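Colleague:
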Amino acid sequence: MDEAVRRADGLIDPTVSYQSDNQLVIEGELRRPPDEAYEELQRRFVNTNLVPLLQETEDGRPALVLARKNKLPEPAQTTRRAWVNLALLLATLATTTWAGALHEGVNLLAEPGRIMAGLPYALALMLILGAHELGHYFTARRYGIDVSLPYFIPIPFALGTFGAFIKMKSLSPTRRAAFDVAVAGPLAGLAVAVPALLIGLQYSEVASTGQAPPMMMGGADAGSSLLFALLAKIALGEAVLEGHRLVLHPVAFAGWLGLLVTALNLMPVGQLDGGHMAHALLGRRRAYSAGVATLVALVILGLFVWGGLLFWALIIYFIAGTRDAPPLNDVSRLDRGRVVLGALAFALLLLILLSVPPGLYASFGIHSPYL
Numbered sequence: 001m002d003e004a005v006r007r008a009d010g011l012i013d014p015t016v017s018y019q020s021d022n023q024l025v026i027e028g029e030l031r032r033p034p035d036e037a038y039e040e041l042q043r044r045f046v047n048t049n050l051v052p053l054l055q056e057t058e059d060g061r062p063a064l065v066l067a068r069k070n071k072l073p074e075p076a077q078t079t080r081r082a083w084v085n086l087a088l089l090l091a092t093l094a095t096t097t098w099a100g101a102l103h104e105g106v107n108l109l110a111e112p113g114r115i116m117a118g119l120p121y122a123l124a125l126m127l128i129l130g131a132h133e134l135g136h137y138f139t140a141r142r143y144g145i146d147v148s149l150p151y152f153i154p155i156p157f158a159l160g161t162f163g164a165f166i167k168m169k170s171l172s173p174t175r176r177a178a179f180d181v182a183v184a185g186p187l188a189g190l191a192v193a194v195p196a197l198l199i200g201l202q203y204s205e206v207a208s209t210g211q212a213p214p215m216m217m218g219g220a221d222a223g224s225s226l227l228f229a230l231l232a233k234i235a236l237g238e239a240v241l242e243g244h245r246l247v248l249h250p251v252a253f254a255g256w257l258g259l260l261v262t263a264l265n266l267m268p269v270g271q272l273d274g275g276h277m278a279h280a281l282l283g284r285r286r287a288y289s290a291g292v293a294t295l296v297a298l299v300i301l302g303l304f305v306w307g308g309l310l311f312w313a314l315i316i317y318f319i320a321g322t323r324d325a326p327p328l329n330d331v332s333r334l335d336r337g338r339v340v341l342g343a344l345a346f347a348l349l350l351l352i353l354l355s356v357p358p359g360l361y362a363s364f365g366i367h368s369p370y371l
């Protein structure tokens, strides 16, 4: 390790150094700006079996971590099994078509000729999920991050799918890259979900509370989300004043699910998109605290407001944990534009999750679920 220390000479003023988990950690003050220092570290260690990482200590100071390459995520194999992704895509298209038809009261096993009954929902939902994951995929590729194609998850009941995911097979180079990859998915998915919702709402019906189906069957409360209420008012105009329960067209139902998927992913917890964004914005320690606080808030709301949030808190914890993988350079800060974009993304999370309060009823002209 003495040779490794010599290679880092002139880039960091060491205050303490130690070995941890077969890694050499050198804490101190950087002698150059973080981006410049990391580029030089990469150049100096390019032909070694060590990978330099710039990380933050528990008290927020810079630390150079020299890790052996076999301790980091392995790069992807050169031969990618794209047929697996394609098979899952086709299977999910089939299960979402089946689910969409059932929502319309059609059993495709008994009436296979009525497949068109399920396609509007299936195609809209697949486009939303696909746009979300491809947003991650293409942004990751732009930064040279090794990433898989999207894996769709088919299920033969309920909504027809548990969503989709991509596998990150190498670490992000910087906080900027981690932020851009994380935020690209929700924005891309939202760019499809909002038009789908606006189009589908024009073919949806306003119904009394007693006539509307439950949410999982295409029913929705126009006041259950500030953003949804705004879109309903734009699409339906004065018609939405007739009642606050909607019977959603299949395309609108897919768009509404797209909003919920966006909100779920924007939660600032662990390995969710919002968790990666919080890490890039706040740093590792504060992002961890934000994630724990979010889970605690969900549990409290689940105990006193709506019990279903306990289920979602559990799902989020097991899916995302409370920590994410840090980028190689976890010291550089985000620029002002990305900070503003991150703040807007988390504001969007609140717009999706918060119901229309009674005090805004007159402004929206939409019934509040609290009334």
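Numbering of the sequence shown is given in full-length UniProt numbering, commencing with residue 1 and proceeding in unit increments. All C-beta atoms in this analysis are idealised placements derived from N, C-alpha and C, irrespective of residue type, glycine included. Computed from a predicted structure; not experimentally measured.
Using the C-alpha atoms, what's the distance from residue 11 back to residue 230?
Modeller: Taking the straight line from one Cα to the other gives about 53 Å.
Colleague: Span of the alpha helix (DSSP H) holding residue 39?
Modeller: It spans 34 to 44 - the alpha helix (DSSP H) in which residue 39 sits, taken as one unbroken run.
Colleague: Using a threshold of 7 Å, is the CB atom of residue 139 nearer than that to any non-hydrogen atom of the ligand GTP?
Modeller: Looking at this structure, you won't find the ligand GTP or any other ligand, since it has none at all.
Colleague: Going by beta carbon distance, what residues of the same chain come within less than 7 Å of residue 199, once the five residues before and after it are set aside?
Modeller: So the list reads 251, once near-sequence residues are dropped.
Colleague: Between residue 97 and residue 122, which are expected to be in contact by the criterion C-beta below 8 Å, what is the C-beta distance as a whole number of angstroms?
Modeller: Sure, about 4 Å apart at Cβ, within 8 Å.
Colleague: Between the beta-carbon of residue 188 and the beta-carbon of residue 134, is there less than 8 Å?
Modeller: Closer than 8 Å, so yes.
Colleague: Under 8 Å between the Cβ atoms of residue 45 and residue 52?
Modeller: Contact: yes.
Colleague: Within this structure, are the beta carbons of residue 85 and residue 151 separated by less than 8 Å?
Modeller: Contact flag set, yes.
Colleague: With DSSP as the reference, please indicate the residues paired to residue 26 in a beta bridge.
Modeller: Paired residues: 17, 64.
Colleague: By the 10 Å Cβ neighbour count, where 16 or more other Cβ atoms means buried, how is residue 106 classified, buried or exposed?
Modeller: The residue in question, residue 106, is buried, as its Cβ has 16 or more Cβ neighbours within 10 Å.
Colleague: Can you list, in chain order, the residues of its chain whose CB lies under 8 Å from that of residue 94, leaving out five sequence neighbours each side?
Modeller: Contacts found: 154.
Colleague: For residue 279, I'd like the list of residues in its chain whose CB is within less than 6 Å of its CB, leaving aside the five on either flank, ordered along the chain.
Modeller: Result list for residue 279: 287, 324, in chain order.
Colleague: Output the distance between the C-alpha atoms of residue 313 and residue 262, rounded to the nearest integer angstrom.
Modeller: Approximately 16 Å, taken between the alpha carbons.
Colleague: Does the beta-carbon of residue 344 have 16 or more other beta-carbons within 10 angstroms, so that it is buried, or is it exposed?
Modeller: By the neighbour-count rule (16 or more Cβ atoms within 10 Å), residue 344 is not buried but exposed.
Colleague: Let me confirm a value: residue 238 is counted as buried when at least 16 other C-beta atoms fall within 10 Å, else exposed. Which label applies?
Modeller: Exposed.
Colleague: My guess is that residue 148 and residue 128 are in contact by the Cβ rule of under 8 Å, so how many angstroms apart are they, rounded?
Modeller: So it is not a contact: roughly 20 Å between Cβ atoms.
Colleague: Which partner residues of residue 126 appear in the DSSP bridge assignment?
Modeller: Residue 126 pairs with nothing; no bridge assigned.
Colleague: State the CB to CB distance for the pair residue 236 and residue 194, rounded to an integer number of angstroms; the pair is presumed to be in contact (CB under 8 Å).
Modeller: Between residue 194 and residue 236 the Cβ distance is about 15 Å, and since that is not below 8 Å, they are no contact.
Colleague: Going by other Cβ atoms of all chains shown within 10 Å of its Cβ, with 16 needed for buried, is residue 330 buried or exposed?
Modeller: Buried, by the Cβ-count rule.
Colleague: Decide if residue 21 is buried, meaning its Cβ has at least 16 other Cβ atoms within 10 Å, or exposed.
Modeller: Exposed, by the Cβ-count rule.
Colleague: Between residue 109 and residue 117, what straight-line distance do the alpha-carbon atoms span, to the nearest angstrom?
Modeller: Rounded to the nearest angstrom, the two C-alpha atoms are 13 Å apart.
Colleague: Going by DSSP in three states, residue 349 sits in which element: helix, strand or coil?
Modeller: Helix at residue 349.
Colleague: Report buried or exposed for residue 178, applying the criterion of at least 16 other Cβ atoms within 10 angstroms of its Cβ.
Modeller: It is buried - the Cβ of residue 178 has at least 16 other Cβ atoms within 10 Å.
Colleague: How far does the beta strand (DSSP E) with residue 152 in it reach, from first residue to last?
Modeller: Segment 151 to 154, the beta strand (DSSP E) holding residue 152.
Colleague: Among 83, 350, 248, which has the Cα closest to the Cα of residue 225?
Modeller: The candidate whose alpha carbon is nearest that of residue 225 is 350.
Colleague: Please report the distance separating the alpha-carbon of residue 334 from that of residue 176.
Modeller: Those two C-alpha atoms are separated by around 6 Å.
Colleague: Leaving aside the five residues before and after residue 25 along the sequence, list all residues of the same chain whose C-beta is less than 6 Å from its C-beta, in chain order.
Modeller: For residue 25, where only same-chain residues beyond five positions count, the Cβ hits under 6 Å are 18, 63, 65.
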